[in-house]
Amino acid sequence: MKVPKPLVILKETILAGESKTLNMEIAKLHTMTKLKIPVIIERSKLEGPTILFTACLHGDEINGTEIVRQLIIQDINKPKRGTIICIPIVNIFGFINKTREFPDGRDLNRVFPGSKTGSLASRFAFNLVTEILPHVDYAIDFHAGGASRFNAPQVRIVPDNLELKQLSDVFNAPFTLFSRNIAGSFRNSCDRLGVKMLLFEGGKSLDLDNEITHEAVEGTKRVLSHFDMLNHELLSGSNVSSTYYIEKSNWLRAKYSGMFHGLVKIGSFVKKGEFLATISDPYGKVEHNVKAPHAGYLINVNDAPFVYEGDAIYHISDNPKPKT
């Protein structure tokens, strides 16, 4: 039996069969307090791929952190073969302050691959790209909707990538969206370095949702089982419905400002003209109906109690294609 080579990350050596938690230290708070980002590494004695699980690139998307935490407490991150790296909180600054951005006001997910001498967010991105990604074969990055918008559980992949499509089929989230990489995003840097990434979206910021967490954990287990990395006692026997492929979707925006009363459940299929919500004034004099502009699945809904004219309130798929 061939023994896997030692893994050297952040100047620390992790041997086959070892478990280690490393601390990625990039900067200090203005109080001079050090902030350490735990990098949790589990290695099998058997050769296999290295998979990275990350969450909380946006500091207020805490449901992703809960997903990775569940992978750890259920021992799902202890591989039968290969290596699993977990970073439950990437943007520790935002997590502490319950904000999306870094302290320098930048969106971490728009500054990759970063720079050694750039802004605080850029320096952090640079360290993640240079210290962690060179060792990774596959990654799943867990996100949630922002600004009170709730995402149905979904995986996002680039179009025309057969391996990623096959991997998303294995994950089998309720929805699979084809979306191109955004310049400066973590996903784009992974793609450029040959790391195959699935981006999971589910739930909303500053919120924990058990159904979203369950979908993500079960999908992750299916991916690990696909690579023969999941211990058999952790296999799930639950039946899942087929994913729906979404190549195009549209935002429905509020035509009026007022109190928002959503009436249709996230993930539902709606018909053209179906009654979705009302927007009313607070005085009981005016109430506007919101109807679906076309048929499709609701893959994102606004959970805010009030909206302004022009706010995005529903993200509706266009011509979803069932899995074949």
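Position one of the sequence shown corresponds to residue 527 (the numbering used here), numbered consecutively onward.
Just so you know, even glycine gets a beta-carbon here, dropped at the ideal spot from N, CA and C.
Quick caveat, the model's predicted, so the values are computed rather than measured.
Secondary structure of Arg-607 (DSSP, three-state): coil.
Classified as buried, Gly-729 has 16 or more neighbouring CB atoms from the shown chains inside 10 Å of its CB. With distances taken between CA atoms, Phe-676 lies nearest to Ile-738 out of Ile-738, Ile-566, Glu-835, Leu-756. Ser-694 is positioned such that its CB atom lies no closer than 7 Å to that of Asn-635. Beta-bridge partners of Gln-692 (DSSP): none assigned.
Separation of the CB atoms of Ser-731 and Gly-672 is rounded to 5 Å, and the pair is thereby assigned contact status at 8 Å. Checking the DSSP bridge columns, you'll see His-787 partnered with Thr-804. Following the DSSP letters along the chain, one finds Ala-742 inside the alpha helix (DSSP H) bounded by residues 736-752.
Asn-815 is classed as exposed because its beta carbon has fewer than 16 other beta carbons within 10 Å across all chains shown.
As computed with DSSP, Val-796 is found in a beta bridge with Gly-822.
Between the region 624-633 and the region 559-572 there are fewer than three inter-stretch CB-CB distances shorter than 8 Å, so the stretches are not counted as touching.
Closest in alpha carbon position to Glu-773, among Leu-725, Ala-818, Ser-641, Leu-703, is Leu-703.
Relative to Ile-599, the option among Gly-585, Leu-725, Ile-588, Pro-614 whose CA is nearest is Pro-614. A check of alpha carbon separations from Pro-679 across Pro-685, Phe-668, Glu-689 identifies Phe-668 as the nearest. Nearest to Cys-612 by C-alpha distance, out of Gly-631, Thr-576, Lys-606, is Thr-576. Here Asp-717 has Val-684, Asn-707, Met-723 as same chain residues with Cβ atoms under 8 Å from its own Cβ, once five neighbours each way along the sequence are excluded.
Counted as a single uninterrupted DSSP element, the stretch harbouring Gly-728 is not any alpha helix (DSSP H) but the beta strand (DSSP E) occupying residues 722-730.
Straight through space, the alpha carbons of Thr-580 and Phe-795 are spaced by roughly 31 Å. The closest CA to that of Glu-587, considering only Arg-779, Phe-621, Phe-786, is found on Phe-621.
With contacts defined as CB atoms closer than 7 Å, Lys-798 and Ala-821 qualify as a contacting pair. In the assembly as shown, Gly-608 is a buried residue. Its beta-carbon has 16 or more other beta-carbons within 10 Å. In this structure the region 824-844 lies against the region 778-790, because at least three pairs of beta carbons, one per stretch, are closer than 8 Å. A Cβ-Cβ separation of about 25 Å leaves Ile-535 out of contact with Leu-760 under the 8 Å criterion.
Counting C-beta atoms within 10 angstroms of its own C-beta, Tyr-823 has 16 or more neighbours from the protein chains shown and is therefore classed as buried. The beta carbon of Leu-572 sits closer than 6 Å to those of Arg-607, all from its chain and outside the five residues before and after it, given in chain order.
Exclusion of the five residues before and after Ser-545 leaves Glu-568 as the residues of its chain whose Cβ lies within less than 6 Å of its Cβ. Within the region 632-691, the beta strand (DSSP E) runs of at least 3 residues that lie entirely inside it are, in chain order, 664-671, 675-683. Beta bridge pairing from DSSP links Asp-844 with Lys-774. Beta bridge pairing from DSSP links Arg-779 with Ala-838. It is roughly 10 Å from the alpha-carbon of Ser-674 to the alpha-carbon of Ala-838.
Taking 7 Å as the cut-off, the beta carbon of Ala-665 is found closer than this to the beta carbon of Leu-578.
Rounded to the nearest whole angstrom, the C-alpha separation of Lys-642 and His-584 is 21 Å. In the structure shown, Cys-582 falls within a coil segment according to DSSP collapsed to helix, strand and coil. Rounded to the nearest whole angstrom, the C-alpha separation of Asn-736 and Val-594 is 13 Å.
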